[in-house]
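Beneath this line is the structure, given in structure tokens, with notes to follow.
Chains as they are written, first to last, in our numbering: chain A, 3 to 112; chain B, 243 to 356.
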């Protein structure tokens, strides 16, 4: 399966600033999942996007799936120290396994 | 807590030794996946089971690796003759059959090979 590319690799923000990470694929994806992994922890499921142009919100987090279903973004408004971690996008492989990007590591300075 | 448990959480072993990890998935999930994650990378797929059948293995899974899910419930991953390059976090995830690709991960087993 095609790996997805995530940018940026690292992002350092001041608490209260916004943060966005992008996930790009060269091929059309059937769906996108976003996971968050805290330092020393395991990936925790955040959301799945399936429809073209889909936008979903979870409190300060906004997830988008592009119209062509080749890219996605995760935006966090007014970051908090609890947002620290690595955010991964993933998509389904041919066997139902997940293919992950390399993640965006977010650090938040209080 | 996602309901997926893994044991042990940490394992330190010497090169050449065998190690075995266990995963207990969410009880109603019939699909179980093993992944490996190294520092700075996303999880990489190793193998998966549907019920007790092992349906797919990644080329990352060398001959020294073997996985079982004998009764379609818990699964074990064994690594024989460990090498330093095997040091990683081994993650187990489970998923229900259906249209969603959502998988729920356990806390992982961190393996250090000295």
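C-beta atoms are modelled at their ideal positions from N, C-alpha and C, and glycine is treated no differently.
Chain-ordered chain B contacts of residue i [CB-CB under 9 Å]
i, result
"residue 104 of chain A", "282, 283 and 284"
"residue 10 of chain A", "By Cβ distance, chain B contributes nothing, its closest Cβ being about 14 Å from residue 10 of chain A, past 9 Å."
"residue 90 of chain A", "284 and 285"
For residue i, the three-state DSSP class (helix, strand or coil)
i, result
"residue 84 of chain A", "helix"
"residue 292 of chain B", "strand"
"residue 322 of chain B", "coil"
Buried versus exposed, by CB contacts within 10 Å (16 or more), residue i
i, result
"residue 302 of chain B", "exposed"
"residue 39 of chain A", "buried"
"residue 6 of chain A", "buried"
"residue 9 of chain A", "exposed"
In DSSP terms, what residue i is bridged to
i, result
"residue 95 of chain A", "DSSP, once it has assigned bridges, lists no residue as partnering residue 95 of chain A."
"residue 351 of chain B", "B:332"
"residue 106 of chain A", "A:89"
"residue 252 of chain B", "B:352"
"residue 337 of chain B", "B:273"
"residue 304 of chain B", "In the DSSP output, where bridge partners are listed per residue, residue 304 of chain B has none listed."
"residue 16 of chain A", "A:111"
"residue 264 of chain B", "B:249 and B:318"
Interface residues of chain A facing residue i [CB-CB closer than 8 Å]
i, result
"residue 333 of chain B", "44 and 45"
"residue 267 of chain B", "By Cβ distance, chain A contributes nothing, its closest Cβ being about 14 Å from residue 267 of chain B, past 8 Å."
Neighbouring residues, chain B, relative to residue i (Cβ below 7 Å)
i, result
"residue 35 of chain A", "343 and 344"
Proximal residues of chain A, C-beta to C-beta of residue i below 7 Å
i, result
"residue 273 of chain B", "98"
task = Assess, as a yes-or-no matter, whether the region 339 to 353 of chain B is touched by the region 247 to 266 of chain B under the definition of 3 or more beta carbon pairs within less than 8 Å.
result = yes
Any 3 or more C-beta pairs closer than 8 Å across the region 313 to 333 of chain B and the region 270 to 289 of chain B = yes
query = Do the region 260 to 271 of chain B and the region 63 to 82 of chain A touch if we need at least three Cβ pairs shorter than 8 Å?
reply = no
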